[in-house]
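Novice: Structure provided below as structure tokens; questions to follow.
Numbering (our numbering), first residue to last: 181 to 265.
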């Protein structure tokens with residue numbers, strides 16, 4: 181899994197480096213950092229993985245908290261599942 185994630189990160193970074201546009205996302209920021217200071221490809225891959233995993237963890241925590249609160253409040257849970265439109 182680690183090798184796959186590193187390969188994906190490297191491929192996406194190289195793809196973004198070959199593009200001429202300036203994006204406003206985190207991957208563009210990682211690539212642009214190499215233009216401002218000396219950052220090698222492996223460091224950029226490390227940064228990509230850090231943000232990728234942090235995003236996954238944040239989403240998982242938000243979903244877990246949502247389900248916990250739905251489980252604690254039956255009235256809201258019923259509205260959530262049985263709402264008629």
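The C-beta atom is built at its ideal place from N, Cα and C for all residues, glycine as well.
1. In whole angstroms, what is the alpha-carbon distance linking residue 246 and residue 236?
2. Are the CB atoms of residue 213 and residue 196 nearer to each other than 8 Å?
3. If you draw a straight line from the alpha carbon of residue 249 to that of residue 198, how long is it in whole angstroms?
4. Just tell me which of 226, 202, 216 has its CA closest to the CA of residue 187.
5. Is residue 234 near the ligand NAD, with its Cβ less than 7 Å from a heavy atom?
6. Taking residue 204 and residue 228 to be in contact with their CB atoms under 8 Å, please state how far apart those CB atoms are, rounded to whole angstroms.
Specialist: Looking at the coordinates:
1. 15 Å
2. no
3. 45 Å
4. 226
5. Within the structure as shown, the ligand NAD is missing, as the structure has no ligands at all.
6. At roughly 16 Å, the Cβ-Cβ gap does not stay under 8 Å, so residue 204 and residue 228 are not in contact.
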